[in-house]
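Participant: Numbering (UniProt numbering), first residue to last: 1 to 430.
Quick one: structure below, then a few questions.
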């Protein structure tokens, strides 16, 4: 469902089929998983519980749902078939929110929740519950339905769900810091006690924990990963940027590395092994294996659609890499790089291969040392650069944030970066 599409009532999702991109059914929707938030803010829909043909129930993140329409769910086809286990901060819509008694804020009247609607937020991939369909009057039972006025209200118009009414626990702490950037939440975790840090990490969803781990000091990363169940630790590593996950794996004992790699999806494990084969402070050790890769017959419109992906960092979204098939790293022959600014200057139907410059910069070699990589970025004002092997295949891309991360002192995350009053005035006046 694209941004701006109409809302969907959850009762219409119960039991509908989920398909992969080829049209093959993968299972049926059995529930929706949401995370409640404080101050009666709408809950965030993070995924679906899908029952496979084997009767196993798995978790399907909303990031792997491409559309919900015509009574069906279309997925990216990438599924983690581990059995679904509900986490402390998660609530099941069918199992816990429907038929619940809540209170209308305006009148104080108690009502019964009959249905909820979900909608994708404009200009974002996030989904949330935005409205509640309720019935006034007494409870309904198996032998009778309670009579009373039914109405649809905004989520904020009812009380009885919010975390503020539940008191203590990691979920309240997480909800309080929900709007923090991963780096800021990482700073919060770093200063918690080890016990509290483990509780909060256990309550975070995989994607959020992966983002936070990438911003934590190495010792905290190892500590948190070691307290997770191995299956979940593998899931979190898969959700991390490949280069960060490989760095973290590289700090673990060999036996633990192998156990975690064996639990990961084969393609993700292969990326990890490939990255771990390079020295840490080289282009190969710094690179990510997931840059934007396009075939020569792709158009500017195709490139801009890929660049718009909100999950990409600004550095990765700054340019696309044109390669012959296969178009996953390591690719076929690397042909060149097209910068985002150039894409904006040409018509949408233009082939990206026609935008390649003859004087394009030479790519980095995977064994290029960190000082060489840093010099390359500084000399040519780059924010990302391709890494190509001796056969001409694109292996990945190094981004400026990874270069900085490895050049700063080990304890740079402990430093509070701020301007004093004089510096701030000068900065604004310059």
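Cβ coordinates follow ideal geometry from the N, Cα and C atoms, glycine included.
Would you say the stretch 62-81 touches the stretch 16-26, given that touching needs at least three Cβ pairs under 8 Å?
Facilitator: By the Cβ rule, the stretch 62-81 counts as touching the stretch 16-26, because three or more pairs are nearer than 8 Å.
Participant: Quick check on residue 182: does DSSP put it in helix, strand or coil?
Facilitator: As a working mapping, residue 182 is identified with position 182 in the chain shown. Reduced to three states, the DSSP call for residue 182 is helix.
Participant: Relative to the C-alpha of residue 247, which candidate in 285, 261, 44 and 346 has its C-alpha closest?
Facilitator: Along the chain shown, one-based indexing puts residue 247 at 247. Closest option to residue 247, Cα to Cα, is 285.
Participant: Pull up the distance between the alpha-carbon of residue 149 and that of residue 26, whole angstroms please.
Facilitator: Position 149 of the chain shown, counting from 1, holds the residue named residue 149. Position 26 of the chain shown, counting from 1, holds the residue named residue 26. When rounded, the distance between both Cα atoms is 39 Å.
Participant: For the candidate residues 127, 115 and 120, whose alpha-carbon lies nearest to that of residue 134?
Facilitator: Numbered from 1 along the chain shown, position 134 holds the residue referred to as residue 134. The residue with the shortest Cα to Cα distance from residue 134 is 115.
Participant: For residue 383, which residues in the same chain have their Cβ closer than 6 Å to its Cβ, ignoring the five residues on either side in sequence?
Facilitator: Your numbering for residue 383 matches position 383 in the chain shown. Cβ within range, chain order: 315, 318 and 400.
Participant: Under the assumption that residue 210 contacts residue 239 (Cβ atoms under 8 Å), give the Cβ distance between them as a whole number of angstroms.
Facilitator: Here the question's residue 210 lines up with position 210 in the chain shown. Here the question's residue 239 lines up with position 239 in the chain shown. The beta carbons of residue 210 and residue 239 sit about 4 Å from each other, so the pair counts as a contact at 8 Å.
Participant: When DSSP labels each residue in this structure, what does residue 246 get in the three-state scheme?
Facilitator: Numbered from its first residue, the chain shown carries residue 246 at position 246. Residue state, collapsed to three classes: helix.
Participant: Are the stretch 346-355 and the stretch 294-314 touching, with three or more C-beta to C-beta distances below 8 Å?
Facilitator: Yes, since at least three Cβ pairs between the stretch 346-355 and the stretch 294-314 fall closer than 8 Å, the two stretches touch.
Participant: What residues in its chain sit with their C-beta under 7 Å from that of residue 47, if we drop five residues either side in the sequence?
Facilitator: Start at 1 with the first residue of the chain shown, and residue 47 comes out as number 47. Excluding sequence neighbours, residue 47 sits near 33, 59, 60, 61 and 62.
Participant: By alpha-carbon positions, which one of 288, 267, 330 and 253 ends up nearest to residue 226?
Facilitator: Translated into positions along the chain shown, residue 226 becomes position 226. That would be 253, whose Cα lies nearest to the Cα of residue 226.
Participant: Among residues of its own chain, excluding the 5 on either side of residue 274, which ones have a beta-carbon nearer than 6 Å to its beta-carbon?
Facilitator: On the chain shown, residue 274 is found 274 positions in, with the first residue counted as 1. Here the set comprises nothing.
Participant: Can you have a look at residue 131 and say buried or exposed, based on whether 16 or more other CB atoms are within 10 angstroms of its CB?
Facilitator: Looking up residue 131 in the chain shown gives position 131. Result: buried.
Participant: Looking only at its own chain, which residues have a Cβ that is under 8 Å from the Cβ of residue 380, when we skip the five neighbours before and after it?
Facilitator: As a working mapping, residue 380 is identified with position 380 in the chain shown. Correct list, in chain order: 361.
Participant: Per the contact definition of three or more C-beta pairs closer than 8 Å, is the stretch 278-297 in contact with the stretch 318-327?
Facilitator: Judged by Cβ distances under 8 Å, the stretch 318-327 makes contact with the stretch 278-297, as three or more pairs qualify.
Participant: Output the distance between the C-alpha atoms of residue 386 and residue 10, rounded to the nearest integer angstrom.
Facilitator: As a first step, residue 386 must be located in the chain shown, where it is residue number 386. As a first step, residue 10 must be located in the chain shown, where it is residue number 10. Each residue's alpha carbon lies about 44 Å from the other.
Participant: Grouping DSSP H, G and I as helix and E and B as strand, with all else coil, what is residue 443?
Facilitator: For the chain, the structure presents residues 1 to 430; residue 443 sits outside this window and is missing.
Participant: Closer than 7 Å by C-beta to residue 259: which residues in its own chain qualify, once you throw out the five before and the five after it? Chain order, please.
Facilitator: Position 259 of the chain shown, counting from 1, holds the residue named residue 259. Answer for residue 259: 230, listed in chain order.
Participant: In the stretch 330-387, which residue ranges form an unbroken beta strand (DSSP E) of at least 3 residues, counting only runs that do not cross its ends?
Facilitator: Correct list: 334-339.
Participant: Cβ atoms of residue 224 and residue 196: under 8 Å apart, would you say?
Facilitator: Locating residue 196 in the chain shown gives position 196, counting from the first residue. Locating residue 224 in the chain shown gives position 224, counting from the first residue. Their beta carbons are not under 8 Å apart, which means residue 196 does not touch residue 224 by this criterion.
Participant: Indicate whether the contact test is met: 3 or more Cβ pairs, each with one atom in the stretch 102-111 and one in the stretch 76-93, closer than 8 Å.
Facilitator: Verdict: no, contact absent.
Participant: Would you mind reading off the limits of the beta strand (DSSP E) that contains residue 61?
Facilitator: Along the chain shown, one-based indexing puts residue 61 at 61. Unbroken beta strand (DSSP E) run through residue 61: 57-61.
Participant: Could you please give the first and the last residue of the uninterrupted alpha helix (DSSP H) stretch that includes residue 259?
Facilitator: On the chain shown, position 259 is the one that residue 259 refers to. It spans 254-263 - the alpha helix (DSSP H) in which residue 259 sits, taken as one unbroken run.
Participant: Would you identify the three-state DSSP class for residue 16, choosing helix, strand or coil?
Facilitator: Looking up residue 16 in the chain shown gives position 16. Note: residue 16 maps to coil in three-state DSSP.
Participant: Tell me which residue opens and which closes the alpha helix (DSSP H) that residue 225 is part of.
Facilitator: Against the chain shown, residue 225 aligns to sequence position 225. Per DSSP, residue 225 belongs to the alpha helix (DSSP H) from 218-227.
Participant: Please report how far the alpha carbon of residue 36 lies from the alpha carbon of residue 121, in whole angstroms.
Facilitator: On the chain shown, position 36 is the one that residue 36 refers to. On the chain shown, position 121 is the one that residue 121 refers to. Cα-Cα distance, rounded: 16 Å.
Participant: Around the Cβ of residue 396, are there at least 16 other Cβ atoms within 10 angstroms (buried) or fewer (exposed)?
Facilitator: Mapped onto the chain shown, residue 396 falls at position 396. Buried: at least 16 other Cβ atoms inside 10 Å.
Participant: Between the alpha carbons of residue 341 and residue 369, how many angstroms are there, rounded?
Facilitator: The residue you call residue 341 lines up with position 341 of the chain shown. The residue you call residue 369 lines up with position 369 of the chain shown. When rounded, the distance between both Cα atoms is 29 Å.
Participant: Look at the Cβ atom of residue 282, then the Cβ atom of residue 241, and state whether they are nearer than 8 Å.
Facilitator: Taking the chain shown and counting its residues from 1, the one referred to as residue 282 is at position 282. Taking the chain shown and counting its residues from 1, the one referred to as residue 241 is at position 241. No, the pair does not count as a contact, with Cβ atoms beyond the cut-off.
Participant: Assign residue 53 to one of two classes, buried (16 or more other C-beta atoms within 10 Å of its C-beta) or exposed (fewer than that).
Facilitator: Stepping through the chain shown from its first residue, residue 53 is reached at position 53. The residue is exposed, with fewer than 16 neighbouring Cβ atoms inside 10 Å.
Participant: For residue 8 and residue 119, what's the separation of their Cα atoms in angstroms?
Facilitator: Numbered from 1 along the chain shown, position 8 holds the residue referred to as residue 8. Numbered from 1 along the chain shown, position 119 holds the residue referred to as residue 119. The straight-line gap from Cα to Cα measures roughly 7 Å.
Participant: With residue 285 as the anchor, note down where its alpha helix (DSSP H) starts and where it stops.
Facilitator: Position 285 of the chain shown, counted from the first residue, corresponds to residue 285. Counting along the chain, the alpha helix (DSSP H) containing residue 285 begins and ends at 283-286.
Participant: How would you write the range of the alpha helix (DSSP H) that residue 324 sits in, first residue to last?
Facilitator: Counted from its first residue, the chain shown places residue 324 at position 324. Unbroken run through residue 324: none, as it is neither H nor E.
Participant: Quick one: is residue 417 buried, meaning 16 or more other Cβ sit within 10 Å of its Cβ, or exposed?
Facilitator: Start at 1 with the first residue of the chain shown, and residue 417 comes out as number 417. Summary for residue 417: the model assigns pLDDT 49, below 50, so the residue's position carries little reliability, and this model does not support an answer.
Participant: Identify which residue in 291, 332, 87 and 219 has its Cα closest to the Cα of residue 338.
Facilitator: The count along the chain shown starts at 1 and reaches residue 338 at position 338. Of 291, 332, 87 and 219, the residue nearest in Cα terms is 291.
Participant: On the premise that residue 214 lies in contact with residue 182, defined as a C-beta separation below 8 Å, what is that separation, rounded to the nearest angstrom?
Facilitator: The count along the chain shown starts at 1 and reaches residue 182 at position 182. The count along the chain shown starts at 1 and reaches residue 214 at position 214. Residue 182 to residue 214, Cβ: 7 Å. Contact.
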